[in-house]
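Here the structure is laid out as structure tokens; the discussion comes afterwards.
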Amino acid sequence: MLPPQARSAETPTHRTHTAERGSFAYARCTCGWSGPARRARDRARQDADEHQAPQPAAR
Ligand SMILES: [Zn+2]
Numbered sequence: 101m102l103p104p105q106a107r108s109a110e111t112p113t114h115r116t117h118t119a120e121r122g123s124f125a126y127a128r129c130t131c132g133w134s135g136p137a138r139r140a141r142d143r144a145r146q147d148a149d150e151h152q153a154p155q156p157a158a159r
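Its first residue numbered 101, the sequence shown is counted upward by one per residue in the numbering used here.
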């Protein structure tokens with residue numbers, strides 16, 4: 101677990117975790133976001149990572 105960082109009122113905290121529903125896993129975030137249901141928890145974990153640290157759109 102990461103230590104709590106200095107909180108800024110303007111910066112929304114993105115704390116993701118994975119949850120399971122039936123045989124599916126999905127990512128959830130404290131900001132209200134939730135990822136699509138995945139069959140593998142690894143995929144849900146990936147969704148969470150990408151949500152927390154979106155990669156620069158390199159088009
Ligand atoms: Zn979020």
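Every residue, glycine too, gets a C-beta built ideally from N, C-alpha and C.
- Message: For G135, count the other beta carbons within 10 Å of its own beta carbon; 16 or more makes it buried, fewer makes it exposed. Which is it?
- Response: buried
- Message: Within a Cβ cutoff of 8 Å, which residues of the same chain sit near R143, ignoring the five residues on either side of it in sequence?
- Response: A125
- Query: What residue from R121, A148 and A158 has the CA that sits closest to G132's CA?
  - Reply: A148
- Task: Return yes when at least one heavy atom of ligand 1 lies under 7 Å from the C-beta of H151, else no.
- Result: yes
- Message: I'd like to confirm the pairing. Which residues does DSSP put opposite R138 in its beta bridges?
- Response: A125
- Query: Is the beta carbon of C129 less than 8 Å from the beta carbon of T118?
  - Reply: no
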